[in-house]
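2 protein chains.
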Amino acid sequence: MQERKKAVVILSGGLDSTTCLGVAADASYDVYALTFDYGQRHRVEIEAAKKVAQHYKVKEHRIARLPFLKDIGKSALTEDLYDVPTRGVQEGEIPITYVPGRNLIFLSIATAYAETVQASAIYIGVNALDYSGYPDCRPEFIEAFQQVAKLGTKVGVEGLPMTIETPLLHLSKADIVRLGTSLGVPYELTTSCYQGEEEACGECDSCRLRLEGFRQAGVQDPIAYRKQNAR
Amino acid sequence: MQERKKAVVILSGGLDSTTCLGVAADASYDVYALTFDYGQRHRVEIEAAKKVAQHYKVKEHRIARLPFLKDIGKSALTEDLYDVPTRGVQEGEIPITYVPGRNLIFLSIATAYAETVQASAIYIGVNALDYSGYPDCRPEFIEAFQQVAKLGTKVGVEGLPMTIETPLLHLSKADIVRLGTSLGVPYELTTSCYQGEEEACGECDSCRLRLEGFRQAGVQDPIAYRKQNAR
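Protein chains in written order, with the numbering used here: chain A, 1053 to 1283; chain E, 1053 to 1283.
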């Protein structure tokens, strides 16, 4: 029997990363899920990630603590001083929710993990459309990282494959919801709210993007919201 | 008065990174030192790093805990299961002391830190000669990372400088000792031993490289050794 391919999936417990896991599972990968605990406000995400990992019966689920990210970064996602933006992301603007170097750090650790378990792929749910303001969500960043991962690791030097898979890169939120729904992704287990309460606020940019995605896809969002803007 | 340039210096407390800090200080940078605590055997390094940072009166010294690296990596530097190699590094071989993705993770976090404090340079004491077996010590890796740091950060996107400085990249250990000695680097505060005891063992690969470097440079190594191979 041929050994199954292995993939590391960066799993936040949100809609995008859970869809990513669904894509990796659908591609018959043995999944090694990796969740980061960086003192984010939305700690309920970590609980969601655990449930998602369980649902997919992943080979392993690691939670990497990054206690320093809160100290080093200055961002609405980790700093209580700032308010979470609710006015939408402006064109060409880098949002205050941007955490310096976040995807760079996440991908670096995922690369180390992939090398250790001998995974040939790393899945990350970056999206260039909804997060156009984040430099580390752009295709050119992912391409450059692919090169670094190849040059900086033993498996890369030995010529073994190590690809960064970004199945959501060019999808709209509605496309992501459609894709995930077709793959039976358990969206009822996920959470996307920046506020990090048990029940999603329905008002922060992340909730609004999610709700709009479900609406456009014509799919009912299975999670509960405290409030939903009528539109 | 013109504001001084800022540099993040990755500081392990060993000979190379301390020399790097000496070079950055000599170049009139305000230094933001960054030390990683990843459950390494040589925890005395962290104490050494603190003393070195104090000596140089750095602007800030951050110690970033990476508790997961011990779990994720499999290496003689973090695993007690393995013996520390004492037989020298063989040509073309990746040593067991290689920690998967270590410099990639270190540089990624340094990039995030640099972005936060608005540093324009990151100093890392990688060396392509003595550590030829480590993929993440090669010039091509550093160049690729430079590109990633530019593309993945807000400062890079905004066109501000963010360079990876590797002043030791092509130096022999003896050259490094000569350079540091000329800059008055306090080698008496440093430690390089893989065994991580208070007194250096004098026998592990790292001690041997260090001792040989001092010998070739014609400089007395100021630290104490438990044992020194006569040669």
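Ideal placement from N, C-alpha and C gives every residue a C-beta, glycine not left out.
For tyrosine 1165/A, the enclosing alpha helix (DSSP H) has its first and last residue at 1154-1169. For threonine 1218/A, same chain residues with a beta-carbon under 7 Å away, outside a window of 5 residues either side, are Ile1176, Val1178, Ile1194 in chain order. Contacts with chain E at 9 Å (Cβ-Cβ) do not include aspartate 1227/A.
Around the Cβ of lysine 1279/E, a 10 Å sphere holds fewer than 16 other Cβ atoms; the residue is exposed. Rounded to whole angstroms, the separation of the alpha carbons of leucine 1067/A and lysine 1103/A is 13 Å. A contact between stretches requires three or more CB pairs, one per stretch, nearer than 8 Å, and the region 1083-1092 of chain A meets this requirement with the region 1112-1124 of chain A. With a cutoff of 9 Å on beta-carbon distance, threonine 1205/E and leucine 1118/A are scored as not near each other. Collapsing the DSSP output to three states places arginine 1056/E in coil.
Close to chain E, meaning a Cβ-Cβ distance shorter than 7 Å, are the following residues of the region 1193-1204 of chain A: Phe1193, Ala1196, Phe1197, Gln1199, Val1200, Leu1203, Gly1204. Contact annotation for asparagine 1155/A against chain E: Gly1204 [CB-CB distance below 8 Å, chain order]. Among the residues facing chain E, threonine 1168/A is included, as its CB has a counterpart in that chain under 9 Å away. In terms of CA proximity to glycine 1208/E, Gln1170/E leads the group Ser1234/E, Glu1240/E, Gln1170/E. Here the region 1219-1228 of chain E makes no contact with the region 1261-1274 of chain A; the two share fewer than three CB pairs at distances below 8 Å.
Chain E has no Cβ within less than 9 Å of the Cβ of alanine 1101/A. Secondary structure of valine 1061/E (DSSP, three-state): strand. Along the region 1175-1221 of chain E, the alpha helix (DSSP H) occurs as fully enclosed runs of 4 or more residues at 1191-1203, 1206-1209, listed in sequence order.
Where arginine 1117/E is concerned, the enclosing beta strand (DSSP E) starts and stops at 1112-1117. Sequence-distant partners of cysteine 1245/E (beyond 5 residues in either direction) whose C-beta falls short of 7 Å from its own C-beta, in its chain, are His1094, Ala1252, Cys1253, Cys1256, Ser1258, Cys1259. Listed by position along chain A, the residues whose Cβ is nearer than 7 Å to that of aspartate 1068/E form an empty set, because the closest Cβ is around 18 Å away.
Aspartate 1089/A and serine 1064/A have their C-alpha atoms some 9 Å from each other.
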